[in-house]
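Residue numbers (mature numbering (1 follows the signal peptide of the UniProt record, and there is no 0)): -19 to -1, 1 to 282.
In structure tokens form, the structure reads like this:
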């Protein structure tokens, strides 16, 4: 597979590389910005193992001892001879890191500049005949991108060519965050989603991230994710406190009242729970059926 992929990729570069133009999405990314070169551990990709190899490199750089064979047990699907994106995210979480997804060249450069390599999903083929591939971007130098790919460390690729193969895969990628880490310039909504997913495997780690984000950002999604992570970890009194703050700040948000009612009821505060549930039902909206179910469960002896 590796040889056929390389052949097709080389043919594509020869036929399209010279004519390729950098997308406007790169405006302001490469011009006059400092070059970045990160020293990321390298693992030679075995057949079909671009996913496990790429994630292992990311984890090693993040401080977690790893290897492709070990990661393959978490992310590789033998019948498909590859790794699904969701499995890559799950594999990162199971390894103790929070995967934060990106979708633009500006995100890519921003994280590289702060010392974080980026795992990217690429299409080395065509839209009608895709050949999916994972790689780790390790640097950017003017009009070139460097990445660990296949059996080549720090492969140098023109930005225009990289843009083509990355855009054909939807500009998808991710960086790894340690629990409790909130980099500058991060999107609080996307961070709350990443931490919420991580809470299912490590609630305390998610709380470390969300509590910090809660202090930094005035963000309703962060508040919801923080309260939910506290609830998952069994810290219901603290969860109630955050849900109460949500209802105070966003009194017309039915989800906040409904969630508050749910946790209040579980802690034996049925009268307060009933009030909150009725507020949610009165607000209504697309989740009215859920609100009514919560109210019914509280009213039922």
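Glycine included, every Cβ here is placed at the ideal spot set by N, Cα and C.
The beta carbon of residue 255 lies closer than 6 Å to those of 279 in the same chain, with the five residues before and after it left out. The beta carbon of residue 169 lies closer than 7 Å to those of 194, 198, 200, 202, 203 in the same chain, with the five residues before and after it left out.
Check the Cα spacing between residue 146 and each of 115, 171, 120: the tightest is with 115.
DSSP links residue 58 through a beta bridge to 63. In the assembly as shown, residue 140 is a buried residue. Its beta-carbon has 16 or more other beta-carbons within 10 Å. Our two residues, residue 34 and residue 206, have alpha carbons roughly 31 Å apart in a direct line. Setting aside the 5 residues that flank it on each side, residue 258 is surrounded in the same chain by 242, 275, 276, 279, each with a C-beta closer than 6 Å to its C-beta; the list follows chain order. Counting other Cβ atoms within 10 Å of its Cβ, residue 20 stays below 16 and is therefore classed as exposed.
By DSSP's assignment, residue 269 forms no beta bridge with any residue. For residue 7, the three-state secondary structure derived from DSSP is helix. Per DSSP, the beta-bridge partners of residue 80 are 157.
Distance from the CA atom of residue 265 to the CA atom of residue 220, rounded to whole angstroms, is 23 Å.
Of the candidates 130, 112, 111, the residue whose Cα lies closest to the Cα of residue 120 is 130.
Counting only the Cα atoms, residue 253 lies some 47 Å from residue 100.
In the three-state reduction of the DSSP assignment, residue 69 falls in the helix class, which pools H, G and I. Counting along the chain, residue 202 sits inside the alpha helix (DSSP H) bounded by residues 201 to 213. For residue 193, the enclosing alpha helix (DSSP H) has its first and last residue at 184 to 197.
Within 10 angstroms of the beta-carbon of residue 137 lie fewer than 16 other beta-carbons, which makes it exposed.
Apart from the 5 residues on each side of it in sequence, residue 134 sits with its Cβ closer than 6 Å to the Cβ of 23 in its chain, given in chain order.
Classified as exposed, residue 25 has fewer than 16 neighbouring CB atoms from the shown chains inside 10 Å of its CB. The region 207 to 218 makes contact with the region 177 to 186: 3 or more CB pairs, one atom from each, lie closer than 8 Å. Going by DSSP, residue 137 is part of the beta strand (DSSP E) stretching over 133 to 139. One alpha carbon belongs to residue 64, the other to residue 261, and they sit about 42 Å apart. In the DSSP assignment, no residue is bridged to residue 235.
In this structure, residue 208 and residue 188 do not form a Cβ contact; the two beta carbons are roughly 10 Å apart against a cut-off of 8 Å.
Between the alpha carbons of residue 234 and residue 246 lies a distance of about 19 Å.
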